């Protein structure tokens, strides 16, 4: 009954929105611990990486647990994130294209920070082989070079006449593009080497080799 004697002017409004964990929950942070993620937003090309870092305020424990769209460690469809905060975007644009990276304090799980990531399509991948034709004597070697653009993954898959890395009949080729001709003239005498992008295997370039006797 004595409460009816207290007027509204005796109360002071206090903004505690910073303690709100979720607008649809009555749960509130019980400590001054907070987490911030840097950068707070980023645009990441499909298949590429982005390094995030987290800072935990008001806690001696600076360790955090990372998740993507609420999944610890992320997933193939939205991208994955390592314990060190290295985000790897999915190979195709996520659906939706904007996802959320979250770092949660290990000492105070109710404290977390987030970053918004927009996954954008990769640029068109192109590849070229140099030179495009050569004459190589039996048993000799010849160096070819593949140049890949439009992706951070510049590695290629080499083949000779459609055979991965080639064989003793048509010649072999190593991962660096070094071709070794067979010990005898191949039949037919011209073979084709092909370099396919490891990031986009459907994209390739080729060169023609004429094998001649020593």
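Numbering (the numbering used here), first residue to last: 14 to 227. Ideal Cβ positions, reconstructed from N, Cα and C, are used throughout, including at glycine. Being a predicted model, the structure only gives us computed values, none of them experimental.
Buried versus exposed, by CB contacts within 10 Å (16 or more), residue i
| i | result |
| --- | --- |
| residue 171 | buried |
| residue 141 | exposed |
| residue 19 | exposed |
| residue 25 | exposed |
| residue 30 | exposed |
| residue 118 | buried |
| residue 164 | buried |
| residue 169 | buried |
| residue 178 | exposed |
| residue 56 | exposed |
| residue 225 | exposed |
| residue 128 | buried |
| residue 184 | buried |
Residues near residue i in its chain [Cβ-Cβ closer than 6 Å; skip 5 each side]
| i | result |
| --- | --- |
| residue 213 | 138 |
| residue 228 | Outside the displayed range of the chain (14 to 227) lies residue 228, so it cannot be described from this structure. |
| residue 219 | 205 and 207 |
Proximity to residue i [Cα-Cα], best of the options
| i | options | result |
| --- | --- | --- |
| residue 217 | 21, 225 and 206 | 206 |
| residue 167 | 194, 188 and 29 | 188 |
| residue 97 | 162, 15, 63 and 103 | 63 |
| residue 116 | 76, 173 and 211 | 76 |
| residue 103 | 210, 162 and 59 | 59 |
| residue 209 | 176, 203 and 224 | 176 |
| residue 144 | 190, 61, 110 and 33 | 190 |
Other residues of its chain near residue i: CB distance less than 7 Å, five sequence neighbours each side excluded
| i | result |
| --- | --- |
| residue 107 | 90, 91, 92 and 132 |
| residue 182 | 195 and 199 |
The segment 70-81 in contact with the segment 148-162 per 3-pair CB rule at 8 Å: no
Segment contact flag, the segment 63-72 with the segment 119-138, C-beta cutoff 8 Å, min 3 pairs: yes
Stretch pair the segment 142-153 + the segment 191-210: three plus CB contacts closer than 8 Å: yes
Residue ranges of each alpha helix (DSSP H) within the segment 78-113, 4 or longer: none
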